[in-house]
Amino acid sequence: MTYTDVTMVRIYLTEGDRLLHRLLGHLHDTERVMGVTVFRGTAGFGRSGKIHGEGIVDIAFDLPLVVEFFDTPERVEEVLGGIEGWLGPGHVVQWPARVNA
Amino acid sequence: MTYTDVTMVRIYLTEGDRLLHRLLGHLHDTERVMGVTVFRGTAGFGRSGKIHGEGIVDIAFDLPLVVEFFDTPERVEEVLGGIEGWLGPGHVVQWPARVNA
Amino acid sequence: MTYTDVTMVRIYLTEGDRLLHRLLGHLHDTERVMGVTVFRGTAGFGRSGKIHGEGIVDIAFDLPLVVEFFDTPERVEEVLGGIEGWLGPGHVVQWPARVNA
Chain A
1 MTYTDVTMVR IYLTEGDRLL HRLLGHLHDT ERVMGVTVFR GTAGFGRSGK IHGEGIVDIA
61 FDLPLVVEFF DTPERVEEVL GGIEGWLGPG HVVQWPARVN A
Chain B
1001 MTYTDVTMVR IYLTEGDRLL HRLLGHLHDT ERVMGVTVFR GTAGFGRSGK IHGEGIVDIA
1061 FDLPLVVEFF DTPERVEEVL GGIEGWLGPG HVVQWPARVN A
Chain C
2001 MTYTDVTMVR IYLTEGDRLL HRLLGHLHDT ERVMGVTVFR GTAGFGRSGK IHGEGIVDIA
2061 FDLPLVVEFF DTPERVEEVL GGIEGWLGPG HVVQWPARVN A
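Protein chains in written order, with this note's numbering: chain A, 1 to 101; chain B, 1001 to 1101; chain C, 2001 to 2101.
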C-alpha cells in the first residue's frame, strides 16, 4: 500500500450539546472533509466530572458522541480553526496518521 | 507497565459493502492478528459525500462500520498487503502506538 | 487553536470481564482523569481467538467494550501504573496526541 499523511481528529460531544447536526453539516457541506464517522458512547464523563450514560434515567438523553474524521494536516488545521469557537477546551483530540492512497 | 510497539489500524466500511464477514474471517482465521474490534457508527460520510446514517430511511442499512485492530508493525504491513485489493483508497488509517506486554 | 500534549489510551475489555464499573469508578472518583468514554463494539476477538459478537446467542453478553481516555503523559503513566494488575497483556493501547487547550 502507498500512503498519504493525515491528521486524525476526534471531537467529544454529548447528545445534550445539540451540536452534532450543525457540526456534521459544516464538515460535509462547507469543509468537505475526506470522511466523517459518528460514534455513540455508552457511558462517559468529561471535565465536569458528571457521568453521562445509558441506564441512568435522567441523563439517558445525554450520551457521549464522538465525531471522528481525518484529512491532510493542512486541511485539518483550517477546519479546526473554523470550529474552535463552538467547542470548549479539552474536546478536540488529534494525532498524526497515514491513510492508504 | 512494559510495552511493545504496535501499529493501530482502523478500516472504514459501511454495512452495504458486505465486506465485514469476509474481512473478519480473514483477520481471525488466516492472519490471526492480536485483536480485532468492530464498531458501528451512527452516522457518517466518505469520499463520495453521501451521508450514511440511522434515521434516514433508505440508507438505514448502510451504517458506517469500523474494523479496528493492532499488531506489530511488521505483521500489520503483511496483513494490509493481503487485503489492499479489497478496499478503495482512503479507507485504511494507521498510526504507531504501544500495547502493554 | 492552542494545544496540550496528551496520551490517548484505549483499554479493551469484554462485558463478561465485569471490570467496567470498577474501572470507570476508579478513573472517575480516584484518578479524576480529564475525560473517559466507553464504546461497545458489535463484534471482536482477542488473543484467545474466541470471537465475541452480537447475533451469536451464547456470547451475546460478552460484547467488546473499549474504555477510552486521555490526559497528560505523566498522569496517564500514573493511572496505568495503578490498574496494570487488573488487565492482562495486550489490552491497553496508548499513543501520543494533542488536545485543544
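The beta carbon of each residue, even a glycine, is placed where N, CA and C say it ideally should be. Just so it is clear, the structure is predicted and the values come from calculations on it, not from any experiment.
{"Query": "Bridge partner(s) assigned by DSSP for B/G1085", "Result": "DSSP lists no partner for B/G1085."}
{"Query": "Span of the beta strand (DSSP E) around C/G2065", "Result": "Position check: residue 2065 of chain C holds Leu in this sequence, whereas Gly was assumed. Where C/L2065 is concerned, the enclosing beta strand (DSSP E) stretches over P2064 to D2071."}
{"Query": "Minimum C-alpha distance to B/R1098 - residue among B/G1085, B/V1076, B/D1071 and B/H1091", "Result": "B/D1071"}
{"Query": "Contact test: C/T2004 Cβ vs the ligand PLP heavy atom, cutoff 7 Å", "Result": "Absence of the ligand PLP is noted for the structure shown, with no ligands found whatsoever."}
{"Query": "Buried versus exposed, by CB contacts within 10 Å (16 or more), A/P73", "Result": "exposed"}
{"Query": "Among C/T2014, C/V2038 and C/G2016, the one whose alpha carbon lies nearest that of C/G2025", "Result": "C/V2038"}
{"Query": "Sub-8 Å separation of B/V1009 and B/E1068 beta-carbons", "Result": "yes"}
{"Query": "Beta-carbon separation (whole angstroms), C/L2013 vs C/L2065, contact threshold 8 Å", "Result": "4 Å"}
{"Query": "Buried or exposed (CB count within 10 angstroms, at least 16 for buried), B/R1018", "Result": "exposed"}
{"Query": "Buried or exposed (CB count within 10 angstroms, at least 16 for buried), C/G2035", "Result": "buried"}
{"Query": "Neighbour flag for B/P1023 against chain A, beta carbons, 8 Å", "Result": "Here the sequence assigns Leu to residue 1023 of chain B, which means Pro is not the residue at that position. Chain A, which has no Cβ nearer than 8 Å to the Cβ of B/L1023, makes this no."}
{"Query": "Residue from B/V1006, B/W1095 and B/H1021 with nearest C-alpha to C/T2042", "Result": "B/H1021"}
{"Query": "Anticipated Cβ contact below 8 Å, C/W2095 with B/P1096, distance rounded", "Result": "7 Å"}
{"Query": "Under 9 Å by beta carbon: chain A residues contacting C/W2095", "Result": "W95"}
{"Query": "Neighbour flag for A/F70 against chain C, beta carbons, 8 Å", "Result": "no"}
{"Query": "Range covered by the beta strand (DSSP E) that runs through B/R1040", "Result": "G1035 to R1040"}
{"Query": "Contact set between A/A43 and chain C, taken where Cβ atoms lie within less than 7 Å", "Result": "L2024 and V2038"}
{"Query": "Boundaries of the beta strand (DSSP E) in which A/R32 is found, first to last residue", "Result": "Here A/R32 belongs to no beta strand (DSSP E), and DSSP marks it neither H nor E."}
{"Query": "is_contact[C/V2066, chain B] using C-beta, thresh 8 Å", "Result": "yes"}
{"Query": "CB contact check: B/V1006 to chain C, cutoff 8 Å", "Result": "yes"}
{"Query": "Among B/L1027, B/E1031, B/I1051 and B/L1023, the one whose alpha carbon lies nearest that of A/R32", "Result": "B/I1051"}
{"Query": "Any C-beta of chain B under 8 Å from that of C/E2015", "Result": "no"}
{"Query": "Buried versus exposed, by CB contacts within 10 Å (16 or more), C/I2085", "Result": "According to the sequence shown, residue 2085 of chain C is Gly rather than Ile. Per the 10 Å Cβ criterion, exposed."}
{"Query": "Beta carbon of C/R2040 nearer than 8 Å to that of C/L2063", "Result": "yes"}
{"Query": "Helix, strand or coil at B/R1010 [DSSP, three-state]", "Result": "strand"}
{"Query": "Coil, strand or helix - A/H26 by DSSP", "Result": "helix"}
{"Query": "Own chain, CB closer than 6 Å to B/L1027, minus 5 neighbours either side, in chain order", "Result": "V1033 and V1036"}
{"Query": "Pairwise C-alpha distance: A/D5 and A/V76", "Result": "12 Å"}
{"Query": "Minimum Cβ-Cβ distance from B/E1084 to chain A less than 8 Å", "Result": "yes"}
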